[in-house]
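Here the sequence shown is numbered in the working numbering, starting from 1 and rising by one per residue.
Where is the CB? At the ideal position from N, CA and C, for every residue including glycine.
Heads up: the structure comes next, in structure tokens.
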Amino acid sequence: MQYAADLADPLGDVRDVVESFRSSRLTLPDWDQTLRQVVSALSQLPPQAQVDILLPDLVRNLRLLLTEGLDNVPQVVDRVAEQVASALAATRVPGIPAPGDDDWSFGEANAS
């Protein structure tokens, strides 16, 4: 995924919002501002990032959550959570160790 680094932070923010709500029914402070920032960040990516192809309906669903609220559309919360989890699992950000990597050091500074 060419734009993995550009997607990782916004998708992580979405994950924090939706998983906190799904697992604990906890609505994070400023959750709506966080999702608005994510929508803005995803909308500003160049067309080559193919956000609509890689993450179909994600922006539309985030806007729906903003309009309706997390507790009024639980099926959309679930859809967003599944999509984001799948995208994050497939995303490899350069310089960040993947869970399956043998060496979890972050660069040569930690090498002995």
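Under the criterion of beta carbons closer than 8 Å, L28 and L65 do not qualify as touching, at roughly 13 Å. Non-local beta-carbon contacts of Q83 in its own chain, meaning distances under 7 Å to residues more than five positions away in sequence, involve L55, L58 in chain order. Collapsing the DSSP output to three states places Q50 in coil. Per DSSP, R25 lies in no alpha helix (DSSP H) and is assigned neither H nor E. For the set L45, V18, S43, A85, the Cα lying nearest the Cα of N72 is the one of V18.
L66 carries a helical assignment under DSSP once its states are collapsed to helix, strand and coil.
Judged by beta-carbon spacing, V14 lies within the 9 Å limit of L62, meaning their Cβ atoms are closer than that value. Each of W31, S24, A49 was checked against the Cα of G12, and the nearest Cα belongs to W31. Within a 10 Å sphere around the beta-carbon of P10 sit 16 or more other beta-carbons, which makes this residue buried. Non-local beta-carbon contacts of S20 in its own chain, meaning distances under 6 Å to residues more than five positions away in sequence, involve L26, L28 in chain order. Around A41, the same chain offers P10 as residues with beta carbons nearer than 7 Å, after the five sequence neighbours per side are excluded.
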